[in-house]
Each structure stands twice: as C-alpha cells, then as structure tokens.
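The working numbering puts the sequence shown at residues 818 to 1150. Beneath this line is the structure, given in structure tokens, with notes to follow.
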Amino acid sequence: EVRAAQDMWADSILKISEAYKQKQDFVGIASEAAAELYAYGHSNVLFKPTKASVTQFRPMGSEAMSYFVGGRNVDEGGIAEDGGFAINGGRGWSGVMFDNHRIDITGPTAIAMGNYYFTDATDGSKSKVEYTFGYKRCADGKVRIFLHHSSVPYNPSPKASAPPATAKTITEAEVRAAQDLWGESIKKISKDYKRKKDFVATATQAAAELYAYGHEDVLFKPTKARDCQFRPDAAGAMSYFVGHKHSGRGSIREDKGFAINGGAGWSDVVFDNHKIDIKGSFAIAMGNYYFTDATTGEESMVEYTFGYTRCNDGKVRVFLHHSSIPYSKKKSS
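In structure tokens, the structure reads:
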C-alpha cells in the first residue's frame, strides 16, 4: 500500500506537469490528486516542502495546493514564493522515481525514508531530493499522507576565508551572458504581460535562473523600493518584479511590477558596464543600464552594482543587486 501510494504520488506529479504543458486544467487535476494523496480534511498533516523558505510549513490544504501548482494559480491561500513544484516552475517533469531507504510499518501508520529523483522535462537534468513520508489509513479506509518532509541534500558550505579549490573562476563572458539573460528576461516578462500570457510563470522561471535564492544569501536593493528597501527572500523579489497584485502571500504593497514597468512595459534593456571585476568564484559589475518604455519610447538611466557567484549546480547567478536612480542636485529656490 505504501509503494502504491508512492507510485500514485509520482504519477500525479507527471500528470499535473503534462496537463500544464497541454494547457489543460492542471489545477483541477492537482486538486483531485491532493484529495487522494494527502490526509487534509481527515487528520492533521505535517508538510515541509523542499522549496519553501518563507512559509516553511503547510498545515492547510490550500497552502499545499499553492506549493504544487503555484501561488498565482490558486483562488485562496496563494503564497508568493511558490512557483509550482508539480509543474517545475513551468519547465515540467518527465520522470519521478522513489528510492526507499526503509519503510517502517507501525500498525495503522507507516514511515518511509529515502531519496526521490526528478527529471526536468526541459533539459533532462536530474535532481535528487531527500524525503520522509508518513502514511496512515483514514476513516474511509484509504491510505493517505499525514507527514511529508522534503529537503535538498546537505552540501557543506565553504569557509568564508577562501573559495573551495574546485570552484571554477567566473569569466567576463559569463558575466556578460548573465546580463544579457537578465535584460532579455525583463523584456520577455513585459511582452508576456502585454499579450496576457502567464507572465508570472515566466518571471518565476527567470528568477530561478538569474538569482541565487535557494542557493545562498542574496543581497537585493531594488530601484523603486522605499518602504521595503531590501529583499532577502525570493517572495520579496517576485513581488518587486511582477507587482504585489500578482503575488500571493509575501507581496509588498508598494510594488507595481518593475518587470512590466507598472503596466507600461519595456521594449529594451541595455547594460553599459563601467567595470567588471573578477574575484575568482565571484564577480562584481558596476555601471548604468538603460530601460526603454514600451509605451512612450522614453529612455531611463539607472545605476547598478551586480554581484555574480557560481552556485553548486555550476550556474552563474546574481547574489548582489543594488540599483539606484542617478543623483540629481536640487535647484535652489
């Protein structure tokens, strides 16, 4: 019964992912699957998802749904940091496999511990995740999950004094490529918003590629942020880029959506580096970037300092982002 429940869990993830890809009712499919898989409404459920840093624990069914399909895709209880695990933030999954370390049966409950492996439907890469699942027989006789703890495998942090000897030096070409990707991502999010496509999903995917949230601490001071100047978590960053009206829990009211220019959109983004300073496994870039308003054609100059680091998966991402309006002397009265 435990193995059957695991097979159903894996098949459900793949089915939700495929339904999303085919533009079918993936939320409805996820809702049906959750009712069969999890004991919400039958007993207390202890759920600690893998990719949850702001809202770590999900005692309610609505919060679990937010995690699996994305905060923006649920009517109530949506959480801004949730990109939709079951749809892999829009990339999809092509394979899910359980590898049990042990299954321990204790009367009406069972505990399973091990690793499961997820295959990215876009690039074929595999991710290993650790799990502990608890199963119990509910009043209707069905076996459901009452405990789910999922985590990224431990990776010892390098000493602050020096990067690990195996760390590959970041190149200037990689920094420029990261800047190009940032600029293109802003334009794509803006264009998807204008065409009434799922621009939040586009932004979620872009953020995962661009910023080091979930890999290490991120220092982010956005341009147009006064009340909440610093954004140490992904939810705060997403709120800034897509706007608080389009974010779930963790959204910040002052945010109008920089990536969509408050609705006006951007038609171009150009980086002009003053200097790129390579420091082994990280790099700092300082300069101006220029944003062209898609509605008026007006160009705005903004100052930046970006810091880039190589994450454990080998990808270069932003760990530092300070953006500001150029200083302007006030005219004397």
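Glycine included, every Cβ here is placed at the ideal spot set by N, Cα and C.
Start-to-end residues for the alpha helix (DSSP H) that takes in residue i
i    : result
D824 : 819–838
Selection from the options that minimises the alpha carbon distance to residue i
i     : options                    : result
D1044 : T1021, L1137, I1101, I1069 : I1069
D937  : D892, G909, W999           : G909
S879  : A847, F1058, A994, H1091   : A847
V891  : V844, A1081, L1036         : V844
A1081 : A1051, F1108, A897         : F1108
F902  : K1013, A1018, P1143        : A1018
D1130 : N932, P970, V1119, E1116   : P970
H1091 : G1074, Y1121, D1072, D1110 : Y1121
A850  : V1119, A822, S860, K1132   : A822
L863  : I928, M914, E1071, I987    : I928
F1047 : H1032, A1025, E1071        : E1071
G1000 : F1075, P1049, K1096, F950  : F1075
D1015 : V1059, E991, N972, A1051   : V1059
R919  : G951, Y1144, K1008, P876   : G951
T988  : S1098, W1083, P1143        : S1098
I833  : L998, M877, M882           : M882
Y933  : E1116, W826, S1117         : W826
R1152 : P876, Y1144, S1007, T926   : Residue numbering for the chain in the displayed model covers 818 to 1150; residue 1152 lies beyond these limits and cannot be assessed.
A836  : H1061, A1052, V886, L998   : V886
G931  : Q839, I1101, K840, R820    : R820
T1113 : G912, W1083, R1127         : W1083
A852  : N972, M1118, S829          : S829
L998  : N972, L1027, K1008, A1020  : L1027
A1111 : R1127, G1079, A1102, R993  : G1079
S911  : P1049, H1061, D940         : D940
S944  : K868, M877, K1008          : K868
Whole-angstrom C-beta distance between residue j and residue i, which should lie under 8 Å
i     : j     : result
S942  : P866  : 20 Å between Cβ atoms; not a contact.
V946  : F963  : Between F963 and V946 the Cβ distance is about 19 Å, and since that is not below 8 Å, they are no contact.
A1024 : A1054 : 6 Å
A990  : V1135 : At roughly 16 Å, the Cβ-Cβ gap does not stay under 8 Å, so A990 and V1135 are not in contact.
Y1106 : V1086 : 6 Å
A961  : Y884  : Inspection of the sequence shows that residue 961 is occupied by Arg rather than by Ala. About 17 Å separates the two Cβ atoms, so there is no contact after all.
Y1010 : I1077 : 4 Å
I904  : T986  : Wrong, their Cβ atoms sit about 35 Å apart, outside the cutoff.
Q1022 : G895  : Not confirmed; about 18 Å, so no contact.
V992  : A1102 : 6 Å
A1051 : G1031 : 7 Å
Exposure label - residue i; buried when at least 16 CB within 10 Å
i     : result
P1039 : buried
H1063 : buried
G888  : buried
I872  : The sequence shown places Thr at residue 872, rather than the Ile named in the question. It is buried - the Cβ of T872 has at least 16 other Cβ atoms within 10 Å.
E818  : exposed
I1003 : buried
E898  : buried
M914  : exposed
R1012 : exposed
S1056 : buried
S1141 : exposed
Y857  : buried
S860  : exposed
G900  : buried
S1149 : Reliability fails at S1149, whose pLDDT of 41 lies under 50, so the model's placement of it is uncertain and the value that follows must be treated cautiously. So S1149 ends up on the exposed side.
E1115 : exposed
F874  : exposed
G958  : exposed
I1006 : buried
A982  : Since pLDDT at A982 reaches only 43, below the 50 mark, its modelled position is unreliable, and no value is offered.
S978  : With a pLDDT of only 40 at S978, under the threshold of 50, the placement of this residue in the model should not be trusted; the figure read from the coordinates follows. Under this definition S978 is an exposed residue.
I922  : exposed
P975  : Summary for P975: the model assigns pLDDT 48, below 50, so the residue's position carries little reliability; its value from the coordinates is reported in the next sentence. Exposed, by the Cβ-count rule.
A1042 : buried
Y1144 : exposed
S870  : exposed
A1100 : buried
H1138 : buried
A956  : exposed
D824  : exposed
Minimum Cβ-Cβ distance from residue i to chain B less than 7 Å
i    : result
G858 : Checking the listed chains, one finds no chain B in this structure; it contains a single protein chain.
Endpoints, beta strand (DSSP E) assigned at residue i
i     : result
K1038 : 1036–1038
R1134 : 1133–1141
What are the start and end residues of each continuous alpha helix (DSSP H) run of 4 or more residues lying completely inside the region 916–968, in chain order?
-> none
Starting from the N-terminal side, write out each stretch of the beta strand (DSSP E) that is 3 residues or longer and does not extend beyond the region 849–902.
-> 863–865
What runs of the beta strand (DSSP E), each 3 residues or longer, lie entirely inside the region 1047–1116?
-> 1083–1096, 1099–1110
Ordered list of alpha helix (DSSP H) runs contained in the region 988–1031, each at least 4 residues = 989–1011, 1016–1027
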